[in-house]
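Asks:
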């Protein structure tokens, strides 16, 4: 009987650095004497502390990168909008030991019926141990991710935003809205659809402006639930999107098409909701006591570049699209997961020359695909005869398991395959959380390092042991002898030859130590 072996060199991130604090920031307003620039204070400054920015900060701190996150809002958002974490995002939470914490605050539901809200069951045997959707209040997931980043040593400065920046060969000088000037090696814009960083960087944001607006909010209604359900069932046949869904304690989630396209910065009023409900349903359902009100459009845009020198973009700063299918938050968190270890490797000095460039090479096509599938879904929600005919046809096609499965894997991001070159189908894909003799595979990825899973017990990570962990487990349920996983869980190599492995270790993890 073989005993499993798991080896990992101790990481310096066992103790959180305390040599920089937000309290020091006011003292850094003046550039160093004679230098003409502010002192080098942080490795990375992140603009925006939403899910993307918080996740990126945490990923960087796993590698002892000095991080400051600046957030223009004084307090986290308070409105209780429910968002959905799809399968791939749940896997990422499991990889970093966050899933149990997140599950305490969410509600699980089947991972089906996402694509254009066509009601189809979940395909059997989805390739994940977390094959469900987790509905969770947006303020809660933002708080949990920010809390995680702070626990790891990230600094968060609120009531503050990036007002300007200049970059050179060595770093970026960042001017904050309060006049402070800071210096960092890199700047990452995670500051949303109206990203200041993207605009100052001069990166194009081509796409289509909003053609329609939708009002969304949570409020109480003044009529019985049965009356609401009957009217919604009647109206929904001809108007998409339109719904009033009970949320508990007499509160309903209300979605109704807006009368005109407006500036998303202007929140709707309760009267706007009442007027639109009366126009479409013939009644305003007695709505009152709103918790929050917002509007969203169907604008679809993608940044031309994700990186210009030492400034990068992620999340909504890099791509926007209609919320149909619930992919937006997930796409941003997954951007951060892809970028974090690569940017950390660059800062720590072991990144291969082209590693940071793979961020755009891998994530830009993923965003393109998400934008395309949301465009298609928006068309399928139209009440016009043509789109409705296509919707009926697709509804029939989704009765085929292959079609339904393909669309679910697309929406939940478990079908992504990065282009790592020729090789087995598993190459470039994420590996599910399989059982190993140590417990679960994802439990070995909490530190954000690479991992060699060796079923032959003959290989070694050698001089890369400061970046890559090693697990010898001949009992692991895999159809291949050995796999090399990147810190984001994607399969970087498959085989059983040490020399071939060394070449791929160099490709992804740089030169061996020593």
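Residue numbers (this note's numbering): -10 to 503.
Here a beta-carbon is modelled for each residue, glycine too, at the ideal position from N, C-alpha and C.
Only a predicted model underlies this, so the values are computations on that prediction, with no experimental measurement involved.
#1: Would you mind sorting residue 184 into buried or exposed? The rule is 16 or more other CB atoms within 10 Å of its CB.
#2: Below 8 Å, can you find three or more Cβ-Cβ pairs linking the segment 288 to 296 to the segment 190 to 201?
#3: Over what stretch of residues does the beta strand (DSSP E) that includes residue 331 continue unbroken?
#4: Determine the DSSP secondary structure at residue 505, reduced to helix, strand or coil.
#5: If you draw a straight line from the alpha carbon of residue 219 to that of residue 277, how long is it in whole angstroms?
#6: If you pair each beta-carbon of the segment 449 to 459 with each one of the segment 301 to 313, do three or more pairs fall below 8 Å?
#7: Using only alpha-carbon positions, find the residue among 164, 381, 320 that is nearest to residue 107.
#8: Give me the Cα-Cα distance between residue 383 and residue 301, rounded to the nearest whole angstrom.
#9: Express the C-alpha separation of residue 437 and residue 463 in angstroms, rounding to a whole number.
#10: Pull the bridge partners of residue 232 from the DSSP assignment, please.
#11: From the DSSP output, in three-state form, read off residue 495 for me.
#12: DSSP state of residue 313, grouped into three classes?
#13: Do the CB positions of residue 360 and residue 395 come within less than 8 Å of each other?
#14: I need the DSSP call for residue 202, collapsed to helix, strand or coil.
#15: Mind reading off the beta-carbon distance from residue 209 to residue 393? Whole number of angstroms is fine, and I expect it under 8 Å.
#16: Just tell me which of 30, 319, 85, 421 has its CA closest to the CA of residue 171.
#17: Just list the residues that DSSP pairs residue 119 with in beta bridges.
#18: Whose C-beta lies closer than 6 Å to the C-beta of residue 99 among residues of the same chain, with five residues either side of it excluded?
#19: Starting from the C-beta of residue 287, find all residues in its chain whose C-beta is less than 7 Å away, skip the five residues before and the five after it, and write them out in chain order.
#20: Out of 122, 478, 89, 63, which has the shortest C-alpha to C-alpha gap to residue 319?
#21: Identify the continuous beta strand (DSSP E) that holds residue 414 and give its terminal residues.
#22: How would you write the range of the beta strand (DSSP E) that residue 60 sits in, first residue to last?
#23: Just tell me which of 386, 92, 32, 45 has its CA closest to the CA of residue 159.
#24: On the DSSP bridge assignment, give the partners of residue 144 in chain order.
#25: How many angstroms separate the CA atom of residue 377 from the CA atom of residue 105?
#26: Helix, strand or coil, according to DSSP, for residue 283 in the structure here?
#27: Please classify residue 137 as buried or exposed, where buried requires at least 16 neighbouring CB atoms within 10 angstroms.
#28: Looking only at its chain, what residues have a beta carbon closer than 6 Å to the beta carbon of residue 470, apart from the 5 residues adjacent to it on each side?
#29: Around the C-beta of residue 466, are 16 or more other C-beta atoms found within 10 angstroms, so that it is buried, or is it exposed?
#30: Can you tell me whether residue 267 is buried or exposed, with buried defined as 16 or more other CB within 10 angstroms of its CB?
#31: If distances are taken between C-alpha atoms only, which option among 450, 41, 37, 56 comes closest to residue 336?
#32: In the DSSP assignment, what are the bridge partners of residue 237?
#33: Identify the continuous beta strand (DSSP E) that holds residue 262 and give its terminal residues.
#34: Find the nearest neighbour of residue 239 within the set 259, 322, 119, 217, judged by alpha-carbon distance.
#35: Exposed or buried, residue 386, counting other C-beta atoms within 10 Å across all chains shown (16 or more means buried)?
#36: Please state whether the Cβ-Cβ distance between residue 153 and residue 37 is less than 8 Å.
Replies: From the atom records:
#1: The residue you call residue 184 lines up with position 195 of the chain shown. By the 10 Å Cβ count, residue 184 comes out buried.
#2: yes
#3: By 1-based counting over the chain shown, the position of residue 331 is 342. Careful: residue 331 lies outside any beta strand (DSSP E), inside the alpha helix (DSSP H) at 317 to 337.
#4: Since the displayed the chain opens at -10 and closes at 503, residue 505 lies outside it and no answer follows.
#5: Reading the chain shown from its first residue, position 230 is the one you call residue 219. Reading the chain shown from its first residue, position 288 is the one you call residue 277. About 20 Å.
#6: no
#7: The residue you call residue 107 lines up with position 118 of the chain shown. Selected option, being the one with the closest Cα: 381.
#8: Translated into positions along the chain shown, residue 383 becomes position 394. Translated into positions along the chain shown, residue 301 becomes position 312. Going by the C-alpha atoms only, they are around 38 Å apart.
#9: Against the chain shown, residue 463 aligns to sequence position 474. Against the chain shown, residue 437 aligns to sequence position 448. Approximately 23 Å, taken between the alpha carbons.
#10: Translated into the one-based positions of the chain shown, residue 232 becomes position 243. Answer is 244.
#11: Counting from one through the chain shown, the residue named residue 495 turns up at place 506. Three-state result, residue 495: helix.
#12: Start at 1 with the first residue of the chain shown, and residue 313 comes out as number 324. If DSSP states are grouped into helix, strand and coil, residue 313 belongs with coil.
#13: For the purposes of this step, residue 360 is taken as the residue at position 371 of the chain shown. For the purposes of this step, residue 395 is taken as the residue at position 406 of the chain shown. Cβ atoms of residue 360 and residue 395: not closer than 8 Å.
#14: The count along the chain shown starts at 1 and reaches residue 202 at position 213. Strand.
#15: Counting from 1 along the chain shown, the entry for residue 209 is found at position 220. Counting from 1 along the chain shown, the entry for residue 393 is found at position 404. Between residue 393 and residue 209 the Cβ distance is about 36 Å, and since that is not below 8 Å, they are no contact.
#16: In the chain shown, the residue the question calls residue 171 occupies position 182. For the residues 30, 319, 85, 421, the minimum Cα distance to residue 171 belongs to 30.
#17: Sequence index remark: in the chain shown, residue 119 carries index 130 (1-based). In the DSSP output, where bridge partners are listed per residue, residue 119 has none listed.
#18: Along the chain shown, one-based indexing puts residue 99 at 110. Same-chain partners within the cutoff: 111.
#19: Here residue 287 refers to the residue found at position 298 of the chain shown. The residues are 199, 200, 201, 311, 367.
#20: Residue 319 sits at position 330 when you count from the first residue of the chain shown. Comparing Cα-Cα distances from residue 319 to each of 122, 478, 89, 63, the minimum goes to 122.
#21: Here residue 414 corresponds to residue number 425 of the chain shown, with the count starting at 1. Note, residue 414: premise wrong, no beta strand (DSSP E); not H, not E.
#22: Here the question's residue 60 lines up with position 71 in the chain shown. First-last of the beta strand (DSSP E) with residue 60: 56 to 60.
#23: Here residue 159 refers to the residue found at position 170 of the chain shown. Minimum Cα distance to residue 159 is reached at 32.
#24: Within the chain shown, residue 144 is the residue found at index 155, counting from 1. Answer is 57.
#25: As a position in the chain shown, residue 377 is number 388, starting the count at 1. As a position in the chain shown, residue 105 is number 116, starting the count at 1. Distance between the alpha carbons of residue 377 and residue 105 is about 11 Å.
#26: Your numbering for residue 283 matches position 294 in the chain shown. In this structure, residue 283 counts as strand in the three-state DSSP scheme.
#27: Start at 1 with the first residue of the chain shown, and residue 137 comes out as number 148. By the 10 Å Cβ count, residue 137 comes out buried.
#28: Sequence index remark: in the chain shown, residue 470 carries index 481 (1-based). These residues qualify, in order along the chain: 444, 445, 485.
#29: In the chain shown, the residue the question calls residue 466 occupies position 477. Flag for residue 466 reads exposed.
#30: What you label residue 267 is simply residue 278 of the chain shown in a count that begins at 1. The residue in question, residue 267, is exposed, as its Cβ has fewer than 16 Cβ neighbours within 10 Å.
#31: Locating residue 336 in the chain shown gives position 347, where the first residue counts as 1. Taking only the C-alpha atoms, the option nearest residue 336 is 56.
#32: Your numbering for residue 237 matches position 248 in the chain shown. 240, per the DSSP bridge assignment.
#33: The sequence position of residue 262 within the chain shown is 273, counting from 1. It is not in any beta strand (DSSP E) - residue 262 instead sits in the alpha helix (DSSP H) that spans 259 to 270.
#34: Here residue 239 corresponds to residue number 250 of the chain shown, with the count starting at 1. Taking only the C-alpha atoms, the option nearest residue 239 is 217.
#35: As a working mapping, residue 386 is identified with position 397 in the chain shown. Burial call: exposed.
#36: The residue labelled residue 153 in the question sits at position 164 within the chain shown. The residue labelled residue 37 in the question sits at position 48 within the chain shown. Against a cut-off of 8 Å, the Cβ pair of residue 37 and residue 153 comes out as no contact.
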